Amino acid sequence: MNGIQRVKQAIGHDRQMSVARGEFVLDRQFAKNFLTWKSNGCEPDMRNDTDLLIACCRALKLDLVCLQSNKIFGEAPECRVLLEDIPRFSDEGLFVFWIVDGVFQTVVQRLGLMAVFREIAESPDALFKELERMSDQVMSSMIQGVCAGAHGIIIADDIAYNQGTYISPSMVEQYLKPFWEIQTMKAAELGVPVFFHSDGNLDKVLPAIASAGFAGLQCIESAAGMDIGKIKVRYNQSLCLMGGLDPSLLDQGRVSGDRHITCGHLHREMKALMTSDGSQGGYIFGTCCGLHAGMSPELVDLAYRLSFEFERTQMRPNSSSMN
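Sequential numbering from 100 applies to the sequence shown in our numbering.
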């Protein structure tokens, strides 16, 4: 079974014989750092970012790669990967998610958050029309990615912070959900699953996200109070969950501290994550936000090795839990 099949199995909520794995972002510099560390200091000789990503995916045994359509959250893409390179990832057996900026985040980048708040208060109809224009761009980018060979879409719409959403749940229902429904219907027409991504605490808008037709949710930020176990119980058959591992556990600065404490903490968090979600289907292991330059290759490697270790433990009949 290759990565494409494993990810499809996870999205279909099958009880997996093997867990799917993947990251929302695979930063170019992290990939270089990781491959250099894996090869004991020999810097990888890669012709382009596509080669670099493929090599890093192989080293981590990832099943999917997320590619950014152009810009995400107004920033330059983490890696320069061309549309025509998508088939190369497929040939490697990697499921390709095409990341597209959502309507809310795009409008916030153009107008500013405070200006959006003023529009909601003073001229909501004008704001809705602006969101409508952005939705057309979202749909165009979705089509572009799928036509190039992407297997799925992630709508990246940063609507929340640690304490909740930037706008009220009722406003999410009124102003954003109609566009989400249009986008998920378009994805269905294109024959691909579509996930929703946002940092922050989404608890109060999870019903809107699930009922809008999204196949999955990426991030699930525990530092913002998101409990992946509770979410899975509630949305077990409607949302495939992707992510969940707190990226701060993998920070390079932790390596300089007490290794026993650092590794022990990561071990406990990984055990809790994998034993509650990994063997039940509907879950793709990864960090909340992806792998970035400031992360420790050693700790990332440990996290992924632990994911396989706990998976094997879960699959053993009558296996006892690990300490």
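Even for Gly, the Cβ is constructed at its ideal location relative to N, Cα and C. This one's a predicted model, so the numbers in the text were calculated from it and none came from an experiment.
Reference residue i; option with closest CA among the options
i: Gly-248; options: Gln-167, Phe-188, Val-237; result: Phe-188
i: Cys-165; options: Gly-393, Cys-388, Leu-401; result: Cys-388
i: Asp-150; options: Glu-122, Arg-127, Val-118; result: Arg-127
i: Arg-68; options: Gln-243, Leu-305, Gln-273; result: A question about residue 68 goes unanswered here, because the residues of the chain that appear run from 100 up to 422.
i: Gly-54; options: Leu-405, Phe-194, Arg-105; result: This structure cannot speak to residue 54, because the chain is shown only from 100 to 422.
i: Met-369; options: Leu-401, Ser-168, Arg-105; result: Leu-401
i: Glu-122; options: Cys-318, Gly-363, Asp-113; result: Cys-318
i: Tyr-265; options: Ser-297, Ala-130, His-391, Ala-154; result: Ser-297
i: Cys-141; options: Ala-323, Lys-131, Gln-108; result: Lys-131
i: Glu-397; options: Ala-371, Val-245, Arg-358; result: Arg-358
i: Gln-243; options: Met-270, Arg-232, Trp-197, Met-213; result: Trp-197
i: Phe-203; options: Asp-256, Arg-157, Ser-168, Lys-303; result: Asp-256
i: Arg-386; options: Pro-143, Ser-267, Asp-345; result: It is Thr, not Arg, that sits at residue 386 in the sequence shown. For the residues Pro-143, Ser-267, Asp-345, the minimum Cα distance to Thr-386 belongs to Asp-345.
i: Leu-182; options: Leu-210, Cys-246, Arg-232; result: Cys-246
i: Leu-212; options: Pro-268, Gln-236, Ala-259; result: Ala-259
i: Tyr-403; options: Gln-104, Arg-157, Asn-139; result: Arg-157
N-terminal and C-terminal residue of the alpha helix (DSSP H) that residue i is part of
i: Gln-262; result: No alpha helix (DSSP H) holds Gln-262; DSSP gives it neither H nor E.
i: Thr-386; result: Not the alpha helix (DSSP H): Thr-386 falls in the beta strand (DSSP E), residues 382-386.
i: Cys-156; result: 148-159
i: Leu-212; result: 212-221
i: Met-341; result: Looking at the DSSP string, Met-341 is not in any alpha helix (DSSP H); the run it does join, the beta strand (DSSP E), is 339-344.
i: Leu-372; result: 358-372
i: Asn-99; result: Residue coverage of the chain in this structure runs from 100 to 422, which leaves residue 99 outside it and unanswerable.
i: Lys-331; result: 327-333
i: Phe-278; result: 276-289
i: Gln-104; result: 102-110
i: Phe-188; result: 185-190
i: Ser-310; result: 305-310
Contact check, residue i vs residue j, beta carbons under 8 Å
i: Ser-395; j: Gln-351; result: yes
i: Gly-381; j: Leu-316; result: no
i: Lys-276; j: Ala-307; result: yes
i: Val-291; j: Leu-349; result: no
i: Leu-159; j: Gly-102; result: no
i: Arg-367; j: Thr-361; result: no
i: Ala-286; j: Met-241; result: yes
i: Val-180; j: Asp-148; result: yes
i: Met-325; j: Asp-302; result: yes
Beta-carbon proximity list for residue i, same chain, < 8 Å, skipping 5 on both sides
i: Ile-281; result: Ser-234, Met-238
i: Leu-226; result: Val-206, Val-215, Glu-218, Ile-219, Tyr-274
i: Phe-313; result: Ile-254, Trp-279, Thr-283, Val-293, Phe-294, Phe-295, Leu-338
i: Met-373; result: Val-118, Phe-384, Leu-405, Ser-406, Phe-409, Glu-410, Gln-413
i: Ser-168; result: Trp-197, Ile-198, Val-199, Asp-200, Ser-240, Gln-243, Gly-244
i: Ser-375; result: Ile-327, Gly-328, Lys-331
i: Gly-356; result: none
i: Gln-236; result: Thr-205
N-terminal and C-terminal residue of the beta strand (DSSP E) that residue i is part of
i: Ile-254; result: 251-255
i: Phe-295; result: 293-296
i: Val-164; result: 163-167
i: Leu-316; result: 315-318
i: Asp-425; result: One cannot answer for residue 425 here, as it falls past the ends of the chain, which runs 100 to 422.
Other residues of its chain near residue i: CB distance less than 6 Å, five sequence neighbours each side excluded
i: Glu-272; result: Ala-307
i: Val-106; result: Ala-119, Asp-162, Leu-163, Phe-194
i: Gly-425; result: Residue 425 lies beyond the stretch modelled for the chain, which goes from 100 to 422, so this question has no answer here.
i: His-391; result: Asp-126, Phe-129
i: Pro-186; result: Gly-248
i: Trp-136; result: Pro-396
i: Ala-323; result: Asn-261, Gly-299, Asn-300
i: Lys-228; result: none
Chain-order list of residues whose beta-carbon lies under 7 Å from that of residue i (same chain, five-residue window excluded)
i: Gln-262; result: Asn-300
i: Cys-155; result: Leu-125, Ala-130, Phe-133, Leu-134
i: Met-145; result: Leu-151, Ala-154
i: Gln-336; result: His-112
i: Ile-110; result: Pro-292, Ala-314, Gly-315, Cys-339
i: His-364; result: Leu-348
i: Leu-230; result: Val-202, Val-206, Tyr-274, Phe-278
i: Ala-175; result: Because the pLDDT of Ala-175 is 49, which lies under 50, any placement of that residue in the model is unreliable, and the number read from its coordinates should be weighed accordingly. Answer for Ala-175: no residue qualifies.
i: Met-100; result: Ser-117
**Message:** Quick test of the definition: if touching needs 3 or more C-beta pairs under 8 Å, does the stretch 189-196 touch the stretch 209-228?
**Reply:** Flag = no, the stretch 189-196 and the stretch 209-228 do not touch.
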